[in-house]
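Novice:
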Amino acid sequence: MLQVTDAAVSVLNQILQREEASGDAIRLASVTGPTGESEIAIQTVEGPREGDATTQATGLDVFLAEDLVQPLDAAVLDAEETEQGTKLSLRPQSAG
Numbered sequence: 031m032l033q034v035t036d037a038a039v040s041v042l043n044q045i046l047q048r049e050e051a052s053g054d055a056i057r058l059a060s061v062t063g064p065t066g067e068s069e070i071a072i073q074t075v076e077g078p079r080e081g082d083a084t085t086q087a088t089g090l091d092v093f094l095a096e097d098l099v100q101p102l103d104a105a106v107l108d109a110e111e112t113e114q115g116t117k118l119s120l121r122p123q124s125a126g
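No gaps in the numbering here: position 5 of the sequence shown is 35 in this note's numbering, and each next residue is one more.
In structure tokens form, the structure reads like this:
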């Protein structure tokens with residue numbers, strides 16, 4: 031199941047604290063980006079949708095859309111500092 035680092039939880043909690051946030055949980059969903067490529071969107075939600083998988087991340091509920099469960103099964107959601115600011119990224123889980 032997707033692992034979420036403490037650094038990513040911090041970023042996701044900041045998203046939930048925004049005025050426009052519509053819930054107290056995070057949902058990752060697949061969307062079509064501006065170039066037609068599939069991208070992962072971060073949504074604020076009250077609860078999971080039918081078919082969503084749930085993972086806990088330091089007290090934060092994170093739901094995965096059904097079509098992302100398999101592709102993200104062995105992934106880690108992390109946050110890293112870049113010149114443009116903090117960025118969420120996915121990487122493979124470490125073996126062992």
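Idealized CB from N, CA, C, for every residue including glycine.
Would you mind stating whether Q73 and R57 have Cβ atoms separated by less than 8 Å?
Specialist: yes
Novice: Starting from Q44 and walking both ways along the alpha helix (DSSP H), at which residues does that stretch end?
Specialist: D36 to L46
Novice: Following the continuous alpha helix (DSSP H) through E80, name the residue where it begins and the one where it ends.
Specialist: Counting along the chain, E80 falls outside any alpha helix (DSSP H), and DSSP gives it neither H nor E.
Novice: Tell me D54's beta-bridge partners as DSSP assigns them.
Specialist: BP columns for D54 are empty, so no partner.
Novice: Assign L102 to one of three DSSP states: helix, strand, or coil.
Specialist: coil
Novice: Using the rule of at least 16 other Cβ atoms within 10 Å of the residue's Cβ for burial, across every protein chain shown, is V41 buried or exposed?
Specialist: buried
Novice: Keeping to the same chain, check which residues put their C-beta closer than 6 Å to that of E69; ignore five residues upstream and five downstream.
Specialist: V61 and G63
Novice: Look up A95 in the DSSP assignment and give the residues it is bridged to.
Specialist: In DSSP, A95 forms no bridge with anything.
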